[in-house]
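K.L.:
Residue numbers (our numbering), protein chains in the order written: chain U, 716 to 1341; chain S, 716 to 1341. From the three backbone atoms N, C-alpha and C, an ideal C-beta is built for every residue, glycine too.
There are 2 protein chains.
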Amino acid sequence: MGSDTAMSPKITVELLRQLRQAMRNTKYIAEPIQAYIVPSGDAHQSEYIAPCDCRREFICGFNGSAGTAIVTEKHAAMWTDGRYFLQASQQMDNNWTLMKMGLKETLSQEDWLISVLPENSTVGVDPWIIAADQWKNMSKALASAGHSLVAVQDNLIDAIWMDRPTRPSTQLLTLGLGFTGLTWQDKMTALRSKMAERKISWFVATALDEIAWLFNLRGSDIEYNPVFFAYAIVGMNTIRLFVDIKRLAVPTVREHLQLDTPSKVELSIQTAPYESVFTELQAVCASLGPKEKVWISDKASCALTQVIPKAHRSPIPYTPLCLAKAVKNATEIQGMKMAHIKDAVALCELFAWLEKEIPKGTVTEISAADKAEELRSQQKDFVGLSFPSISSVGPNGAIIHYRPLPETNRTLSLNEIYLLDSGAQYIDGTTDVTRTMHFGSPSAYEKETFTYVLKGHIAVSAAIFPNGTKGHLLDSFARQALWESGLDYLHGTGHGVGCFLNVHEGPCGISYKTFADEPLEAGMIVSDEPGYYEDGLFGIRIENVVLVVPAKPKYNYRNKGSLTFEPLTLVPIQAKMVNTDLLTQKERDWVNEYHRQCRETIGAELERQGRKEAMDWLIRETQPIA
Amino acid sequence: MGSDTAMSPKITVELLRQLRQAMRNTKYIAEPIQAYIVPSGDAHQSEYIAPCDCRREFICGFNGSAGTAIVTEKHAAMWTDGRYFLQASQQMDNNWTLMKMGLKETLSQEDWLISVLPENSTVGVDPWIIAADQWKNMSKALASAGHSLVAVQDNLIDAIWMDRPTRPSTQLLTLGLGFTGLTWQDKMTALRSKMAERKISWFVATALDEIAWLFNLRGSDIEYNPVFFAYAIVGMNTIRLFVDIKRLAVPTVREHLQLDTPSKVELSIQTAPYESVFTELQAVCASLGPKEKVWISDKASCALTQVIPKAHRSPIPYTPLCLAKAVKNATEIQGMKMAHIKDAVALCELFAWLEKEIPKGTVTEISAADKAEELRSQQKDFVGLSFPSISSVGPNGAIIHYRPLPETNRTLSLNEIYLLDSGAQYIDGTTDVTRTMHFGSPSAYEKETFTYVLKGHIAVSAAIFPNGTKGHLLDSFARQALWESGLDYLHGTGHGVGCFLNVHEGPCGISYKTFADEPLEAGMIVSDEPGYYEDGLFGIRIENVVLVVPAKPKYNYRNKGSLTFEPLTLVPIQAKMVNTDLLTQKERDWVNEYHRQCRETIGAELERQGRKEAMDWLIRETQPIA
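1. To the nearest angstrom, report how far apart S/Ile1056 and S/Tyr1309 are at their CA atoms.
2. What three-state label does DSSP hand S/Asp1243 in the structure shown?
3. Can you tell me which residues form a DSSP beta bridge with U/Asp1136?
4. Is the beta carbon of S/Leu1283 sitting closer than 9 Å to the one on S/Asn1259?
5. Give me, in chain order, the residues of the same chain whose beta-carbon lies closer than 6 Å to that of S/Leu1205; leave out the 5 immediate sequence neighbours on both sides.
6. Give, in chain order, every residue of the segment 1268-1293 of chain U whose Cβ lies closer than 7 Å to some Cβ of chain S.
7. Interface residues of chain S around U/Asp1190 at Cβ under 9 Å?
8. Based on DSSP bridge pairs, tell me the residues matched to U/Val786.
9. Nearest by alpha-carbon distance to U/Thr741: which of U/Gly782, U/His1219 and U/Val867 is it?
10. Tell me the DSSP secondary structure of U/Phe930 in three-state form.
11. Going by beta carbon distance, what residues of the same chain come within less than 6 Å of U/Lys839, once the five residues before and after it are set aside?
12. For the structure I just gave you, are there three or more beta carbon pairs, one from the segment 1224-1237 of chain U and one from the segment 936-945 of chain U, closer than 8 Å?
13. Can you tell me which of U/Pro977, U/Leu1135 and U/Met903 puts its alpha carbon nearest to the alpha carbon of U/Phe1253?
14. Here's the rule: buried if 16 or more other CB atoms are within 10 angstroms of the residue's CB, otherwise exposed. What is S/Ala1015?
15. Of all the CB atoms in chain S, is at least one closer than 9 Å to the CB of U/Leu1252?
16. By DSSP, does S/Cys1214 sit in helix, in strand, or in coil?
17. By the 7 Å beta-carbon criterion, what residues does the segment 1197-1214 of chain S contribute toward chain U?
18. Taking 9 Å as the CB-CB cut-off, is U/Arg1194 touching chain S?
19. Going by DSSP, what residues sit across from U/Pro1030 in a beta bridge?
20. For a test of the three-state rule: what should DSSP assign to S/Asn809, helix, strand or coil?
21. Straight-line CA distance for U/Ser1106 to U/Val1241?
22. Give, in chain order, every residue of the segment 949-964 of chain U whose Cβ lies closer than 7 Å to some Cβ of chain S.
23. Quick check: what's the CA-CA separation for U/Arg1118 versus U/Ile1132?
24. With a threshold of 7 Å on Cβ separation, who are the neighbours of S/Trp794 within its own chain once the five nearest residues in sequence on each side are excluded?
25. Using a 10 Å radius around the Cβ and a threshold of 16 neighbouring Cβ atoms, would you call S/Arg1323 buried or exposed?
26. Taking only beta carbons into account, state which residues of the segment 1220-1246 of chain U come closer than 8 Å to chain S, listed in chain order.
27. Can you tell me whether U/Phe918 is helix, strand or coil according to DSSP?
28. How big is the Cα-Cα spacing for S/Ile764 and S/Gly756?
29. Might you give, ordered along the chain, the residues of its own chain that have their beta carbon closer than 8 Å to the beta carbon of U/Asp719, omitting 5 neighbours on each side?
30. State the Cα-Cα distance for the pair U/Met716 and U/Ser804, rounded to the nearest angstrom.
31. Between the C-alpha atoms of S/Ser1156 and S/Pro766, what's the straight-line distance to the nearest angstrom?
32. Let me know if S/Thr1151 comes out buried or exposed under the rule of 16 or more other beta-carbons within 10 Å of its beta-carbon.
33. Using a Cβ-Cβ cutoff of less than 7 Å, which residues in the same chain neighbour S/Ser991 once the five nearest sequence positions on both sides are dropped?
34. Tell me where the beta strand (DSSP E) around U/Gly1183 begins and ends.
35. Quick one: what's S/Pro1265 bridged to in DSSP?
36. Establish whether the CB of S/Ala758 and some CB of chain C are separated by less than 9 Å.
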């Protein structure tokens, strides 16, 4: 992500010594603490974070998108999930213990702390970067064992991080109706009607993508995510936006937000500095009537949550903005479709180019990813990548969230599988696509496992299910073929995708790990990406972004209606990797129909753009399979 | 269940008037309450309950196994799930509102109370029959809206229930090693080692089936469930059993429990009256050291849970007894297999008999169920039924937990589908099987939907999945074929089954509704019972009890191992109802292999028992399908 930390371990002896010193330093805390928790996120609980917020990476070296470090007087441990086991073990030195989440024998953070701490210990954490629900659980678990969790206002990592970057404040981009389908004023009105429905006086927006979506603004404060650092507090007649005030000096932004000439008083935005949210929220809470309620996400920071007195606080798992944002309107769907067509053009070009270049032995993981970025950047309204490209050859493919670095960079060849998981931000939409290819002759085992993954991909993509089904109920469909052969993969099957917003967004997804996901409904967009990983050999993943659409099966039980998925990603799936004997006729039909759509839709755009070589490649790769 | 309430509505005007009077009567409560909650269960949170505990049925008339009634000054509402919508609407008069759980528009009990109660209301409930976790949720939700939940010590239903039956106290049955595989002393030692592992000083057992399993005792206090009213408190050197003392006068019971000659001091059982558990637990808690912890299920009664001071209380979702009981040992598995063979013999006889008798027009739902019971009772070690037989013809089959009553009793015919869901308790095991049959010519639609249900049944039964997979991840497999045609069923797919114990037991199952189920492991036993219900026309369900066994697929990812199911139920599935064109070759092979096992195993037993007509029927019904 934000940093180019190598895959060789970071040496942390001295840093840990300094951190442990800070844990005893009365400059920061009244009494020494026996453990310090370093979560992954920023004050907005973002998944992707700005360099100034990469504190967990700074202390332990591991730079994956998910992980929590805990340092005690004697121990240092880091928890991450199956996507990152290999990467984390390579990036951390032996001062650190890797805690593999999801394995039965792995202690939870709470249980581990209880097992290593001396009696009556104090555990510290920065209240801005721990979510309120996590604070609550951790605090309860520690209390039950006689320990206590305390908020350390000065971040102890920042205290020892000498060259910590400053917080970014990039230029804001305003989005018109042609991209958003709804004005920010419409969105505000809809939000307030949800608030009125539940008798809520105030709503505190803390998630960066929700704020960007609400105001139809984008930024580039965080790499890959077109968001900007801000908070918002919305009342029935008040809108407060907390953001670096310098950013609001631009006339287009002032006009977009109607800062100088608000149309109505209740749509007049009061702006204030980013840092003032804490005191302003205190002021709002001080003026609350006895029955007034304030909505805040239960994933918001503990610091901000606790400003709201408990009697007035109404924490919610998913905010109305999160829910409204997830269901794309017609304009957004059209934009996402356009973005995916452009993205497919770039990938067809890339694969045609790779076929020619690989035999020369000059293409590496890095140069292939660079070429993909270059080709995407030629497309209209390209903004940047939507996440660091996972461009991996052979054994590197088994590192699920691998990112090529000079010292790990392998050359693409005719002998090893190539996995490319990449995507881009266009002003009209966000893409995320994985294709796994072999440019020589795949082995029978590689084809076999690829085909199981394909069967899982199709099982989800073609699934028909009742309206209101939660995505987690579809996860096993993606695994069925792998399970039958004793295989599996240690990650979820899909995540929500934003529209020119975060490539990972809630509240829906397809994963065995969540149960609190919101029901799927038409207009939601998720990824479908089963995989198979053979450590030390190869990785396989087939990922499309798919749109939830109404289905019309034969019957309609209790008039509930049915849903299915429509692929937005239209990039051929390499037939060479498929053992067609393992497919059912229905699955073969699905592949052929998918390739027909690729040829029709992407072919037309390649034709329009006059990209002949990619067109030839597309035609060849979309021949029907028998 | 316990009562023969008719399917015509119970008239509740007078009862509601009396209850509302009691809600204002200072004889029972210091201040009037504005609402009174009547949960379904007893003080042990049993699913099936004794007649003296059928309070919810008494007040509203609905006698299904799940449902909660709430009465306010003006309203009366009853919540139940999809299995019971039809039945509840028929059994309740129009003083009651049926709250259909699982439908989007249905308010939760909390939200409904908040919507109907005047400000600052008080809601009462008997703390013995509400579980601690439910109390907590309800109390929190009400508090957030300015209301309060209070414990009403005198049960207000009992106060107005003039002819309330007394609590049963039946004879206890002792089970030897040949049935249990483990002595109660072994089980106690295993329990204590789990307690030592987690540094727990005391364990309070409140679930009746856990207590029966622990002591290798059975009773018949509750119809269909071979349990007896008791509590147990286990310390590292102490065992206290709370039970009607009269029951312990029997020499075989005294000897079994070693009441007069304990082998070791820590295995000496102190007995005390059932009602004294409250004061005895108070005494135990009064003597606790500062760090001592007491385990109690979070589903135990609020009354008993709150005896344990919060600092000492360690609530758990599943007790170690619940987990140990779920994984059957070799003796129990052997017993369950034997029980299922005997049960299949009785059913083959029944179906052969039905074929002969139905054309005469003399067989009804009730007489068919009676015949099934009579045939089962001829089998060795038969104790009784494991639940009320669901014997339903045509439209009655769409009432998922239907029980035939004189006024609803239909005659079996050649024109309507017959669904029989029934099971028995044998000393060696518990059975639960559903077969759906047509004795004439099923329509194309009946065959089509039956075949989708069969495909779902097979998809679960034949599923191969990684060791440690939770059952809820398999639920969608059972629905896939129905979903593809726009159909579904509104109940879970499977439940745990006890061994000569409750036919429904935790902690595992196969349902979209639970997420907190424990991972499946070899030795667990669950049901596999998808269905399809067409209101007013017919019901279809195909249910086997299946054993979790290791599977040996081609590969073994991360040495995790794989599991699958082995059917214990061996009763032919009616081929006449199957549209074989809709089955895959794999599914046809599954059916033929299943029928081969039925013929081989049940055939041998029919031969041994000399039951010729059933044998002929079995041979004919197990012909391979093409």
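P.N.:
The answer reads as follows:
1. Straight-line spacing of the CA atoms in S/Ile1056 and S/Tyr1309 works out to 14 Å.
2. Residue state, collapsed to three classes: strand.
3. Bridge partners of U/Asp1136: U/Ile1105 and U/Thr1149.
4. Closer than 9 Å, so yes.
5. Leaving aside the five residues that flank S/Leu1205 on each side, the residues in its chain whose CB is nearer than 6 Å to its CB run, in chain order, Gly797.
6. From the segment 1268-1293 of chain U, only Pro1268, Lys1269, Tyr1270, Asn1271, Tyr1272 and Ser1277 have a Cβ closer than 7 Å to chain S.
7. Identification of chain S residues near U/Asp1190 by a Cβ-Cβ cut-off of 9 Å yields Leu1188 and Ser1191, ordered along the chain.
8. U/Val786 is bridged to U/Tyr751 and U/Ala791.
9. Nearest option by C-alpha distance: U/Val867.
10. Look at U/Phe930 here: in three-state DSSP terms it is helix.
11. With the sequence shown as reference, residue 839 of chain U is identified as Gly, and Lys is not the correct amino acid for it. Closer than 6 Å at the Cβ level, and outside the excluded window around U/Gly839, lie Ile748, Tyr751, Val865 and Val867.
12. Output reads no: the segment 936-945 of chain U does not touch the segment 1224-1237 of chain U.
13. Each of U/Pro977, U/Leu1135 and U/Met903 was checked against the Cα of U/Phe1253, and the nearest Cα belongs to U/Leu1135.
14. Buried.
15. Taking Cβ atoms only, chain S never reaches closer than 9 Å to U/Leu1252, which makes this a no.
16. DSSP places S/Cys1214 in coil when its eight states are reduced to three.
17. Answer in chain order: Trp1198, Glu1199, Ser1200, Gly1201, Leu1202 and Asp1203.
18. Interface residue, yes.
19. U/Pro1030 pairs with U/Ile1011.
20. Coil, per DSSP.
21. In a straight line, the C-alpha of U/Ser1106 is about 22 Å away from that of U/Val1241.
22. Residues: none.
23. Each residue's alpha carbon lies about 16 Å from the other.
24. Shown here for S/Trp794: same chain residues with a beta carbon closer than 7 Å to its own, the five before and five after excluded, namely Gly782, Thr783, Met814, Met816 and Gln824 in chain order.
25. With a 10 Å radius around the Cβ and a threshold of 16 neighbouring Cβ atoms, S/Arg1323 comes out exposed.
26. Here the close residues are Tyr1227 and Phe1230.
27. Three-state result, U/Phe918: strand.
28. S/Ile764 and S/Gly756 have their alpha carbons spaced roughly 7 Å apart.
29. Confidence at U/Asp719 is low in this model, with a pLDDT of 41, below 50, so the placement of that residue should be treated as unreliable; the coordinate-derived value is given next. Result list for U/Asp719: Leu1120, in chain order.
30. Since pLDDT at U/Met716 reaches only 29, below the 50 mark, its modelled position is unreliable, and the value read off the structure follows with that caveat. Going by the C-alpha atoms only, they are around 17 Å apart.
31. Each residue's Cα considered, the two are about 42 Å apart.
32. By the 10 Å Cβ count, S/Thr1151 comes out buried.
33. Answer for S/Ser991: Phe957, listed in chain order.
34. Annotation for U/Gly1183: no beta strand (DSSP E) segment contains it, and DSSP assigns it neither H nor E.
35. DSSP output for S/Pro1265 lists S/Leu1278 as bridge partner(s).
36. Of the protein chains in the structure, U and S, none is chain C.
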